[in-house]
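Residue numbers (the numbering used here), protein chains in the order written: chain L, 10 to 405; chain C, 10 to 405. Where a beta carbon is used, it is the ideal one built from N, C-alpha and C, also for glycine. The structure displayed is predicted, hence computed values, not measured ones. Data block below; observations after.
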């Protein structure tokens, strides 16, 4: 049979056609009024999408570039920082902090879990210069409690940096009221465009901190980008086409809520939640367990195959037979779990279709379980219909 | 929820991405070596796709343009012709033949049926200059028996013209051995590109007939196109971008069979058959009947809603809630049936997803029937798995 290649990965995610067209058409120079108008418009849209009054910075980099910026700009060698980690991306904060010579303390939780807030409170003290965390840990599908951490830090001089690369557009934040000093996003996630752009919103006290810190930085010097952005430009050559695509994607997200980007973001979050609920109900019917048992993120479902079935077998079969690309576990979770994304440009038809393919694949690669055709799909239908009845259908 | 707009209509059909890119990139002049190379390549590919040694002609027109050409080039006013009709497109042959002053006889069958071969044999006689028919009647989803008609005409001077606009790529033909004198296709069907191109293969005796016929023609004078094509050009300005897209689509169809376009066409037909089987098994579970009870075409399923439910309600609901575009019945069948396409660029995920949407819509717009969620999907899964086991999965 024909097989269309379709991404169900938690980044890159499926591309929005109007953004693809904007990217293809973006044949403009970056030191022109045309670009400055585009850049200022997109920076303004990003503020609304993130939900902040803070200045937003765009970087031609993947999300890790903005993570590095949040370390190199906010620390000096020897600074005490605290990393909250429960997966591969949490570990990246540790690696970055160490690379810049920070005195790095860690609160960790087992993969699939979130960390103990009690332990966080115990480890934070007035010497902690920065706390680094994820909003959602993409490798395990877990949502961390950003607000609880922010509450813990309230009134202190400790900065809070949140990698929300898969969190933005899938999780609710009140960035300024909670006191998130740096929140980081990436282009290949809920905003439906290809990789290559990172963005972050930076609080006033984080800008002040940067004036005193000593870690070396050049390309990722956020102060230079802020100054250039005030003139409608970027410090270095920007990823022009991706910025045009991002503008189109944010237009689309707003258009789904009568032009209101804040409401559009809420609908996007609800959309991921419905796709996640359908997938998880269906998975249960196939004997597949959700890895994030306590605090699952809407962005992605990390799923444990039944019995001793290698998750790589499922990933391979679903690609080979149906052209659908899902993710294996990362690092030590490879073979143990597989991941299906819900963030960004997915709709009901995408979601139910993948569940159908998963049901067929499970029947083939794990026949000992006796898959009853339609049983997983039925659970997904019921989950979707439940959301429709509670009014979320009106978000379409 | 987000809704992606997706076509499930029997033309236009979903666009192939590589063809879209070729169309977007086709910024070439038509009186250049670049265009001549493209044109000759595509005409050669079309011969393989149609499965003929006859010359193939491309027209910047929709399929009806090629239908007109098959009347205006092959008849003189007053010529006796026979039209075989069982639907809206059969009736178009009658209208065209009358518009060009033919003495038009008709063998007709009720909508949803095919005509009686006995009646065809009775009505054909040595005076019949041309027989016009469809391979598949898109308005009713019925497949006509082209080979039986061809067999009836064998040895006579009567030409056979087949509108295979939805038939090519969904039905098996042996054009030259059966003796089909003109077979007609359109771009917005199984070949996965937008409307605007018609093509036809013309037998040697049809070319000879054209030298004697008197009906007026100019733009659609096939002899002029044949002469130009021999030089690698078109007589009038061709639809350059669509021709580039058609080349890319035929490349794709061949690539699915290791570069063999004839085998690729067979796989495309098998693909439509699997999509059709899934859809029809699912429809039954919802109390929906197939309109073409005896000779259903793989190209499209024409489906009758249960009870007194207006088919337009289903068409509207599935568009509004899910963004999926299906077709209502045409003319007097409006409100009585709806149509879901299988021809061209559809895969398993497309098909199962639409069935999921149809199940949800039926539960909502016809609650008296008590739709059991998953029941239609289950039938589709079983149908697909059956095909997979019999080896058709290997066509992917």
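- Contact of residue 377 of chain L with chain C by beta-carbon distance below 7 Å is absent, the smallest such distance being about 17 Å.
- Non-local C-beta neighbours of residue 315 of chain C in its own chain, meaning closer than 7 Å and more than five positions away in sequence, comprise 296, 297, 375, 378, ordered along the chain.
- As the crow flies, the alpha-carbon of residue 15 of chain L is around 15 Å from that of residue 361 of chain C.
- About 6 Å separates the Cβ atoms of residue 358 of chain C and residue 331 of chain L, confirming a contact at the 8 Å cut-off.
- Contact check for residue 167 of chain C against residue 129 of chain C fails: the beta carbons are separated by 8 Å or more.
- With a 10 Å radius around the Cβ and a threshold of 16 neighbouring Cβ atoms, residue 72 of chain C comes out buried.
- The alpha-carbon of residue 169 of chain L is positioned some 50 Å away from that of residue 381 of chain C.
- Residue 36 of chain C sits in coil when the DSSP states are folded into three classes, being neither helix nor strand.
- When secondary structure is reduced to three states using DSSP, residue 42 of chain L falls in the helix class.
- Within 10 angstroms of the beta-carbon of residue 356 of chain C lie 16 or more other beta-carbons, which makes it buried.
- Here residue 207 of chain L is not near residue 52 of chain L, since their CB atoms are 8 Å or more apart.
- Around the C-beta of residue 390 of chain C, 16 or more other C-beta atoms lie within 10 Å, and the residue is accordingly described as buried.
- Spatial neighbours of residue 235 of chain L in its own chain (CB-CB distance under 8 Å, excluding positions within 5 residues in sequence) are listed in chain order as 64, 66, 211, 216.
- The Cβ-Cβ distance between residue 276 of chain C and residue 267 of chain C does not fall below 8 Å.
- Take residue 70 of chain L, set aside five residues on each side of it, and the residues of its chain with a beta-carbon closer than 6 Å to its own are 207, in chain order.
- Against chain C, a Cβ distance below 9 Å from residue 269 of chain L picks out nothing, because the smallest value is about 16 Å.
- Here the alpha carbons of residue 326 of chain L and residue 13 of chain L stand approximately 14 Å from one another.
- Counting only the Cα atoms, residue 245 of chain C lies some 8 Å from residue 228 of chain C.
- Residue 163 of chain C is classed as exposed because its beta carbon has fewer than 16 other beta carbons within 10 Å across all chains shown.
- Listed by position along chain L, the residues whose Cβ is nearer than 8 Å to that of residue 393 of chain C are 369.
- What residue 384 of chain L touches in chain C, judged by beta-carbon distance under 9 Å, is 383, 387, going in chain order.
- Near chain C, meaning a CB-to-CB distance below 8 Å, the residues of the stretch 16-46 of chain L are 33.
- A distance of 8 Å or more separates the beta carbons of residue 144 of chain L and residue 187 of chain L.
- If you draw a straight line from the Cα of residue 74 of chain L to the Cα of residue 342 of chain C, it comes to about 60 Å.
- Under the Cβ distance rule, residue 255 of chain L does not count among the residues neighbouring chain C, no pair being separated by less than 8 Å.
- At least one CB of chain L lies nearer than 8 Å to the CB of residue 331 of chain C.
- Distances from the CA of residue 184 of chain C to each of C:157, C:203, C:363, C:197 were compared; the closest alpha carbon is that of C:157.
- With a 10 Å radius around the Cβ and a threshold of 16 neighbouring Cβ atoms, residue 302 of chain L comes out exposed.
- Judged by DSSP secondary structure, residue 89 of chain L falls within the beta strand (DSSP E) whose first and last residues are 89-94.
- Taking a Cβ-Cβ cut-off of 8 Å, the neighbours of residue 390 of chain L in chain C comprise 365, 368, 369, 382, 383, 386, given in sequence order.
- If you compare the alpha carbons of L:242, L:299, L:43 with that of residue 320 of chain L, the shortest gap goes to L:299.
- Taking the beta carbon of residue 283 of chain L as reference, the chain C residues within 7 Å of it are 10, listed in sequence order.
- Within the DSSP bridge table, the entry for residue 171 of chain C names C:142, C:192 as partners.
- Here residue 348 of chain C is buried. Its C-beta has 16 or more other C-beta atoms within 10 Å.
- Taking C-beta atoms as the reference points, residue 306 of chain L and residue 137 of chain L fail to come closer than 8 Å.
- Rounded to whole angstroms, the Cβ separation of residue 353 of chain C and residue 200 of chain C is 7 Å, and the two are in contact under 8 Å.
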